[in-house]
Amino acid sequence: MSLIQWATHWQKDPRFSRNYTARLIEKACALDAQLHRAYCAGQLKVIAGPHRKAGPGGGGDARLHMTLQPAANASCWHVILDDSGTRPVKVEKRERVGQRF
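Under my numbering, think of the first position of the sequence shown as 1, with each following residue one higher.
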């Protein structure tokens with residue numbers, strides 16, 4: 001049984017497989033206790049796997065990152081990765097305001 005839930009279109013960059021992304025998430029758990037608890041409880045959903053892309057109109061995050069969400073919660077976490085995409089370096093929590101984070 002997987003501890004991670006996956007959004008339908010989670011994969012934004014084909015270089016990063018589901019297994020590789022799951023390993024990155026496990027490494028990120030060492031950086032943040034809330035993320036670790038959500039992972040262990042099976043309440044973590046991958047909204048977007050590793051990618052580096054700014055959103056329309058210059059929004060979004062141009063750093064290599066993953067977007068994760070605790071199940072049934074409006075907030076999300078950006079797990080910032082190093083430039084090579086091999087390890088997480090920071091977990092940023094974001095709250096939903098209206099339709100945007």
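All C-beta atoms in this analysis are idealised placements derived from N, C-alpha and C, irrespective of residue type, glycine included. If you're wondering where the values come from, they're calculated on a predicted model, not measured in any experiment.
By the neighbour-count criterion, in which a residue is buried when 16 or more other Cβ atoms sit within 10 angstroms of its Cβ, Pro-50 is buried. Straight across, the Cα-Cα distance linking His-9 with Phe-16 is about 13 Å. For the set Ile-4, Asp-32 and His-65, the Cα lying nearest the Cα of Asp-13 is the one of His-65.
Straight across, the Cα-Cα distance linking Thr-67 with Asp-61 is about 10 Å. Judged by DSSP secondary structure, Gln-5 falls within the beta strand (DSSP E) whose first and last residues are 4-6. Counting along the chain, the unbroken beta strand (DSSP E) around Cys-76 starts and ends at 76-81. Looking at the DSSP output, Thr-86 bridges to nothing. Cβ neighbours of Lys-93 within its own chain (closer than 7 Å, five residues either side excluded): Ser-75 and Trp-77. Across the set Leu-24, Asp-32 and Ala-41, the C-alpha of Leu-24 shows the shortest separation from the C-alpha of Ser-84. At the C-beta level, Ile-80 and Pro-88 come within 8 Å of one another.
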